[in-house]
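Right, one structure below, let's go through it.
Residue numbers (our numbering): 61 to 355.
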């Protein structure tokens with residue numbers, strides 16, 4: 061049987077959950093039964109095709125799509141004709157939060173449902189109705205999707221049967237988008253911003269701490285407390301070492317009585333194992349060498 065011209069076999073549609081999506085870069089991944097399917101915002105159907113707004117996926121969205129082999133990497137699949145994204149397209153959110161709104165005098169309030177780069181869109185009023193909005197009717201700043209704005213209403217000439225918002229205030233983007241930047245560009249500017257200068261400590265001569273010049277050598281060295289040390293080459297404690305007489309006093313022995321070193325842990329509870337120079341793990345367990353101990 062001959063297939064009629066123009067006949068196309070229906071494509072199989074899949075359903076998956078968006079697990080990752082980088083809004084500024086415009087791509088991410090959809091989970092399809094444990095397999096990652098790449099998705100790009102250019103392959104996503106806008107929510108409003110006429111205004112080219114919405115339809116971009118966000119993490120957690122359940123979307124439907126077709127699958128095709130990726131160009132240049134046919135072993136991996138890419139989602140096409142994606143429907144179900146609930147986020148606004150990044151191109152329409154440029155400059156969001158980069159301008160200070162001016163005080164408004166409008167009698168109505170609402171949330172911007174969609175506003176594209178051409179300067180037109182829709183506002184959802186507090187009563188649920190939609191009002192047409194144009195950039196020429198905005199004051200001070202530019203509205204962006206999900207901005208909460210204040211405005212007045214009048215019949216629209218561009219959208220017969222609809223109301224149009226005028227005297228709109230509360231937008232969070234600058235009127236001139238050439239002065240606005242995307243979030244990813246703001247991150248780059250932050251990374252390349254000059255870091256704070258390092259403040260180096262200097263002595264009375266203005267030289268860095270530790271300078272060994274003749275002028276700095278005449279300065280009085282700082283007073284650093286020095287702990288007294290007791291020479292004990294054998295590594296075993298004896299009565300002349302600090303703390304031994306106090307230990308004897310605590311366990312009820314005379315200062316002149318000899319204490320076997322091996323018996324000290326058992327005589328004083330809770331001391332734990334005693335480590336000496338001979339029992340300490342290291343490269344010179346046999347005793348002191350000409351190079352000394354490493355630790």
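Note that the Cβ used here is the ideal one computed from N, Cα and C, for glycine as well.
Keep in mind it's a predicted model, so treat the numbers as computed, not measured.
Using a Cβ distance threshold of 8 Å, residue 143 and residue 117 do not count as a contacting pair. Taking C-beta atoms as the reference points, residue 209 and residue 155 fail to come closer than 8 Å. In the three-state reduction of the DSSP assignment, residue 139 falls in the strand class. With respect to residue 164, residue 231 sits apart: the two C-beta atoms are not nearer than 8 Å. In this structure, residue 227 sits near residue 166, with a CB-CB distance shorter than 8 Å. Contact check between the region 70 to 82 and the region 114 to 131: three or more CB pairs, one atom from each, fall below 8 Å, which counts as touching. Note on residue 269: under 16 other CB atoms within 10 angstroms of its CB, so exposed under the neighbour-count rule. According to the DSSP assignment, residue 276 belongs to the alpha helix (DSSP H) that extends over 274 to 277. With a threshold of 16 other beta carbon atoms within 10 Å, residue 187 falls short and is exposed. The beta carbon of residue 122 lies closer than 7 Å to those of 75, 77, 144 in the same chain, with the five residues before and after it left out. Contact check for residue 152 against residue 133 fails: the beta carbons are separated by 8 Å or more.
Listed in chain order, the beta strand (DSSP E) runs fully inside the region 101 to 160 are 122 to 130, 133 to 143, counting runs of at least 3 residues. At the C-beta level, residue 160 and residue 192 stay beyond 8 Å of one another. Per DSSP, residue 197 is not a residue of any beta strand (DSSP E), being assigned neither H nor E. Looking at the DSSP output, residue 215 shares a beta bridge with 223. When DSSP states are grouped into helix, strand and coil, residue 189 belongs to the coil group.
Non-local C-beta neighbours of residue 101 in its own chain, meaning closer than 6 Å and more than five positions away in sequence, comprise 86, 116, ordered along the chain. Spanning the alpha carbons of residue 206 and residue 173 requires a straight line of approximately 6 Å. Distance from the CA atom of residue 278 to the CA atom of residue 157, rounded to whole angstroms, is 59 Å. Counting the other CB atoms within 10 Å of its CB gives residue 88 a total of 16 or more, which places it among the buried residues.
Per DSSP, reduced to three states, the secondary structure at residue 173 is strand. Assignment of residue 92 by DSSP, reduced to helix, strand and coil, places it in the strand class. Between residue 225 and residue 234, the C-beta spacing is not below 8 Å. Burial check for residue 236: the Cβ neighbour count within 10 Å stays below 16, so the residue is exposed.
When DSSP states are grouped into helix, strand and coil, residue 261 belongs to the coil group.
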